[in-house]
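Here the structure comes first, spelled out in structure tokens, and everything after it is commentary.
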């Protein structure tokens, strides 16, 4: 027979000692007998998120340690930026990013981030984010959650779909602009004809793309059809990038400028029929240009 715990002198002595010890000692003694449970695996993404949260909280605590007068102020002099200011920055961010993508400075397949673009363009992350969302609606970037933003590839099938849609909308906008353009609209459009011709003659492709974009905006404003203008604006950048990527013959720039300016000149003189016909000829040229890029062409 084994002796009972009550008859064990050592057990009684330890029990008496444990009752007389401090609560802290009893707590740590009991912890030795606690069953250790396996720690849940934390993914690298969650670990980064936790680290970012920790850094943000530390920065906030450091900020609170300074008096209000010593805290850094924002670029607007301590005042919240107005909605108009945010809109202007978004437009600037969009214009610069759109040009970088169209001219292949941001190459197809490139992965970009808001933070890097913000530092590169010296524009806040909020305008950059809004510009990227707009570019995603224009088929120039793809926003992938948890991965970032990817510049889309150049797809000839998408180009043909864009041109099929543009044919109808460009014709509509060209004829409407010729009918509805005010004298100031026509003057603004006519003022860009000469500089655009000079730019094409000088083979300045980037400047030609900028002037072409300005002319598209002026024509859309003169058409007084916001629905058609907003829809076709999402398609022009796709066409310009495709054209820029495949432009390897100098004469193509001169031909493109001529077809574009035929539309512009018809609008400037207020001839809807001629503007619509010139628009169709422009799209015909772009379709043929795109076909020549196919392997069997």
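Residue numbers (the numbering used here): 215 to 511.
C-beta atoms are modelled at their ideal positions from N, C-alpha and C, and glycine is treated no differently.
Cβ-based neighbour list, residue 451, same chain, cut-off 7 Å, excluding 5 preceding and 5 following
312, 316, 352 and 354
Tell me which residue opens and which closes the beta strand (DSSP E) that residue 364 is part of.
362-365
Sequence-distant residues of the same chain with beta carbon closer than 6 Å to residue 488, five excluded per side
480
Going by other Cβ atoms of all chains shown within 10 Å of its Cβ, with 16 needed for buried, is residue 504 buried or exposed?
buried
In its own chain, which residues sit with a C-beta less than 8 Å from the C-beta of residue 467, not counting the 5 before and 5 after it?
414, 417, 419, 422 and 461
Specify the secondary structure class of residue 247 as computed by DSSP and reduced to three states.
For residue 247, the predicted structure reports a pLDDT of 48, less than 50, and the residue's modelled location is therefore unreliable. The matter cannot be settled from this model.
What separation, rounded to the nearest whole angstrom, lies between the Cα atoms of residue 427 and residue 447?
10 Å
In the DSSP output, what is residue 358 paired with across the bridge?
362
If I follow the unbroken alpha helix (DSSP H) through residue 487, where does it start and stop?
486-505
Residue 392: which of 384, 381 and 437 sits nearest, CA to CA?
437
Check whether the stretch 359-373 and the stretch 323-332 are in contact - that is, three or more C-beta pairs closer than 8 Å.
yes
Below 8 Å between beta carbons: does that hold for residue 501 and residue 335?
no
As assigned by DSSP and simplified to three states, the class of residue 325:
strand
By DSSP, does residue 352 sit in helix, in strand, or in coil?
coil
Express the C-alpha separation of residue 473 and residue 495 in angstroms, rounding to a whole number.
7 Å
Residue 401, buried or exposed, once every other Cβ within 10 Å from all chains shown has been counted against 16
exposed
Does the distance from the C-beta atom of residue 383 to that of residue 440 stay below 8 Å?
no
Tell me whether residue 394 sits in a helix, a strand or coil according to DSSP, three-state version.
helix
Expected contact under 8 Å - CB spacing of residue 346 and residue 328 to nearest Å
7 Å
What did DSSP end up calling residue 509 once you bin it into helix, strand or coil?
coil
For residue 303, which residues from the same chain have a beta carbon less than 7 Å from its beta carbon, with the 5 sequence-adjacent residues on both sides left out?
337, 338 and 341
DSSP-derived helix/strand/coil call for residue 416
coil
Quick one, are the C-beta atoms of residue 373 and residue 456 less than 8 Å apart?
yes
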